[in-house]
Amino acid sequence: HRLKTGEGQYIDLSMTDCVLSWMAPEIARADAEGQASNNPLLSGLPHYDVFKTADGLFISLGIVYETHFWQRFCDLTGLT
Numbered sequence: 057h058r059l060k061t062g063e064g065q066y067i068d069l070s071m072t073d074c075v076l077s078w079m080a081p082e083i084a085r086a087d088a089e090g091q092a093s094n095n096p097l098l099s100g101l102p103h104y105d106v107f108k109t110a111d112g113l114f115i116s117l118g119i120v121y122e123t124h125f126w127q128r129f130c131d132l133t134g135l136t
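Counted the way the working numbering counts, the sequence shown spans residues 57 to 136.
Now the structure itself:
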């Protein structure tokens, strides 16, 4: 659209829609185990979670689990 008209577009998307997609692994686990996690910030998936940083803040990480994406992240952060 922008290339044709020079104008951008407005996307109406709720935060709930976005967050729900991020919670899919946790929802699946709760369904399988019959109960919610004791710590909803920790999904147990290293590539898809919320992590506490050294300065006490939080960062949300969601890497599509394909080996090259995960390997690149580990290389850039010194985790290899």
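A virtual CB, placed ideally from N, CA and C, is assigned to each residue, including glycine.
Is the CB-CB distance between Ile119 and Trp126 below 8 Å?
-> Against a cut-off of 8 Å, the Cβ pair of Trp126 and Ile119 comes out as a contact.
Neighbourhood of Phe129 by C-beta, 7 Å cutoff - its chain only, sequence neighbours within 5 removed | Correct list, in chain order: Ile119.
Please list the segments of the alpha helix (DSSP H) lying wholly inside the segment 97 to 135, counting only runs of 4 or more residues, in order along the chain.
-> Counting only runs that start and end inside the segment 97 to 135, the alpha helix (DSSP H) elements of at least 4 residues fall at 123 to 133.
Using beta-carbon positions only, say whether Tyr104 and Pro81 come within less than 8 Å of one another.
-> The answer is yes: Cβ separation under 8 Å.
Can the beta-carbon of Ser77 be found closer than 8 Å to that of Arg85?
-> No, they are not a contact pair.
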